[in-house]
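Undergrad: All letters in the sequence shown, in the order written, are residues 300 to 679 by the working numbering.
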Amino acid sequence: MDPGLVFQGSYLQSLSVACVWGGDTHRRLSSQILLVPSCSVELPQRPPRHNGRSARGRRGAMAGGGGSGVPGSGASGGEQPGGGGVDYRGAVCLAPMVRVGTLPMRMLAAEHGATLTYSEELIALRLQRCVRKPNAAHGTVDFVDPKGAAMLRVLPAERCRLVAQLGAADAVTALRAAQVVCRDVAAIDVNMGCPQHFSVSGGMGAALLEKPETVKDILTTLTRNLDVPVTCKIRLLAEPRRTADLVRTIAGTGVAALGVHGRRREQRPRDPASWEGIRQAVEAVPGLPVIANGDVFSYSDVARVRRATGAAAVMIARGAQWNPSIFRPAGFLPLEEVKKVRKCGRRAVRSGGLTEKRTTLRGASGSGITYRTPSTSCVR
Ligand SMILES: Cc1cc2nc3c(=O)[nH]c(=O)nc-3n(C[C@H](O)[C@H](O)[C@H](O)COP(=O)(O)O)c2cc1C
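1. Is there contact between the segment 472-480 and the segment 421-437, where contact requires at least three CB pairs shorter than 8 angstroms?
2. With 16 as the cutoff for other CB atoms within 10 Å, does Asp469 come out buried or exposed?
3. Would you please state the rounded distance, in angstroms, between the beta carbons of Leu518 and Val527? I believe it to be under 8 angstroms.
4. Excluding the five sequence neighbours on either side, which residues of its own chain have a C-beta within less than 7 angstroms of the C-beta of Val601, listed in chain order?
5. Is Lys257 near Gly558, with beta carbons less than 8 angstroms apart?
6. Quick one: give me the first and last residue of the alpha helix (DSSP H) that Phe497 is part of.
7. Taking only three categories from DSSP, how would you classify Phe442?
8. According to DSSP, is Gln427 helix, strand or coil?
9. Hey, Leu508 and Leu536 are a contact pair by Cβ (cut 8 angstroms); roughly how many whole angstroms apart?
10. Which partner residues does Ile422 have in the DSSP bridge list?
11. Taking Gly553 as the reference, which of Arg563, Asn524, Asp570 has the closest Cα?
12. I'd like to know whether the C-beta atoms of Arg452 and Asp444 end up nearer to each other than 8 angstroms.
13. Report the option in Leu454, Ala448, Lys446, Ala449 whose CA atom is closest to the CA atom of Gly438.
14. Reducing DSSP to helix, strand and coil, say where Asp544 ends up.
15. With a threshold of 7 angstroms (Cβ to nearest heavy atom), would Pro623 be considered close to ligand 1?
16. Taking Cβ to Cβ, would you say Arg405 is nearer than 8 angstroms to Glu457?
17. Leu461 and Ala485 - do their beta-carbons sit closer together than 8 angstroms?
18. By the 10 Å Cβ neighbour count, where 16 or more other Cβ atoms means buried, how is Asp570 classified, buried or exposed?
19. Classify Pro585 as buried or exposed, calling it buried when 16 or more other Cβ atoms lie within 10 Å of its own Cβ.
20. Quick one: is Arg475 buried, meaning 16 or more other Cβ sit within 10 Å of its Cβ, or exposed?
21. Along the chain, where does the alpha helix (DSSP H) containing Ala583 start, and where does it finish?
22. If I measure Cβ to Cβ from Gly576 and keep anything under 6 angstroms in the same chain, skipping five residues before and after, which residues do I get?
23. Assuming Ala394 and Asn592 form a contact by the criterion Cβ under 8 angstroms, report the distance between their Cβ atoms to the nearest whole angstrom.
24. Let's test the definition: count the other Cβ atoms within 10 Å of the Cβ of Ala629 and tell me whether it reaches 16, buried, or not, exposed.
25. Counting C-beta neighbours from all protein chains within 10 Å, is the total for Glu565 16 or more, i.e. buried, or is it exposed?
26. Out of curiosity, what's the CA-to-CA distance linking Ala556 and Ile487?
27. Would the beta-carbon of Gln579 fall within 8 angstroms of that of Ala610?
28. Can the beta-carbon of Val604 be found less than 8 angstroms from the beta-carbon of Trp574?
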């Protein structure tokens, strides 16, 4: 079966997996990994280090990627393994968005200037069972689950800016899932802010905000074992002091950057984001690039939020969903212009399989639109 044809509904499947899973298993495994950092539990083969570099201690503005030589490499022509360098300072990112952050939307955002593009949240429990399959027909690398559904599809051209976001509740599952995709992405992010029931009930997302030991466990395990930068995305806690404690814990794990959504778990999108709360988080971790997120609805807001918070980078969700040209320093293009059918350099991007109906531009159907490969290619 062509995995490219089986993409719809994959998220719903992952939700049902997340919902039935929970309990103490993850805590047991997590504590094992804390006690034995070399991972005595059975884990996938760790990719070899490159250039003698360690994944540790690469916190900061620049962090390199690697990962060639792991089993299963040798994808379709023209591919180069590795994640490339990630410069968080000054980055303007497409935020992770379920059903939105799929390949066409990521390419559109990059075409208009997004420096980093996040995948939608990938449930680690499911991703760990996916197989990496080069898709010669589309020129992509697909991560296909046992039922043949592609959970993530990556174009080689986006590897230097693609951040795969994981939904994970424990270190072992997070690492297993990250190792499936890590050599095809620029960085790995862990979602620690999703307030949805499926996420919290599975011990993922915002549930982690109350579990600093698990946060530490997951992030330390990832930073120790991966050759790509690791980040996480949190929400604010009720008291600034608790947010500061959490971000300091996170900073101590060796992450390359930290995304802070300026809302608390119980707040809805209509509630204004607290840029002041983000500023307090930034001040708690001098030296760690913070990616400010919340209520950025135009390119001029990017400078405003950076000034107000002192954050190194900015992340945009709904503003990009409404019009992906928000990333243009010169200002919005009319949505009709953004939606225009474009000539594609790659069959993968022309293919109907990639113009997924799941990718929704607010005010546009998303289907029937073709996207061209952005001129911004990876520079390593
Ligand atoms: C449709 C949609 C899907 C989202 N999915 C995710 C997700 O998968 N992971 C995540 O961390 N946040 C997710 N979010 C939250 C956004 O990343 C972001 O934190 C939030 O929308 C605030 O940013 P904004 O004010 O720019 O919209 C989602 C938001 C929207 C609107």
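Every residue, glycine too, gets a C-beta built ideally from N, C-alpha and C.
Remember, predicted model here, so these are calculated numbers, not experimental data.
TA: Answer, in terms of the structure:
1. In this structure the segment 472-480 lies against the segment 421-437, because at least three pairs of beta carbons, one per stretch, are closer than 8 angstroms.
2. Result: buried.
3. The pair is not a contact, with the Cβ atoms about 13 angstroms apart (cut-off 8 angstroms).
4. For Val601, where only same-chain residues beyond five positions count, the Cβ hits under 7 angstroms are Val391, Val595, Val613.
5. Residue numbering for the chain in the displayed model covers 300 to 679; residue 257 lies beyond these limits and cannot be assessed.
6. Unbroken alpha helix (DSSP H) run through Phe497: 496-500.
7. Here Phe442 sits in strand by DSSP.
8. Here Gln427 sits in coil by DSSP.
9. A Cβ-Cβ separation of about 6 angstroms places Leu508 in contact with Leu536 under the 8 angstroms criterion.
10. Residue pairing of Ile422 in beta bridges, as defined by DSSP: Gly466.
11. It is Asn524.
12. Their beta carbons are not under 8 angstroms apart, which means Arg452 does not touch Asp444 by this criterion.
13. Nearest option by C-alpha distance: Leu454.
14. The three-state reading of DSSP puts Asp544 in helix, counting H, G and I together.
15. Not one heavy atom of ligand 1 sits closer than 7 angstroms to the Cβ of Pro623.
16. Less than 8 angstroms separates the beta-carbon of Arg405 from that of Glu457.
17. In this structure, Leu461 lies closer than 8 angstroms to Ala485 by Cβ.
18. By the neighbour-count rule (16 or more Cβ atoms within 10 Å), Asp570 is not buried but exposed.
19. Label assigned to Pro585: exposed.
20. In this structure Arg475 is buried. Its beta-carbon is surrounded by 16 or more other beta-carbon atoms within 10 angstroms.
21. Annotation: the continuous alpha helix (DSSP H) that includes Ala583 extends over 574-583.
22. Leu535, Gly561.
23. Contact holds; Cβ gap of about 6 angstroms.
24. Taking every protein chain shown into account, the CB of Ala629 has fewer than 16 other CB atoms within 10 angstroms, so this residue is exposed.
25. It counts as exposed.
26. Taking the straight line from one Cα to the other gives about 11 angstroms.
27. Taking 8 angstroms as the Cβ cut-off, Gln579 and Ala610 do not qualify as a contacting pair.
28. Cβ atoms of Val604 and Trp574: closer than 8 angstroms.
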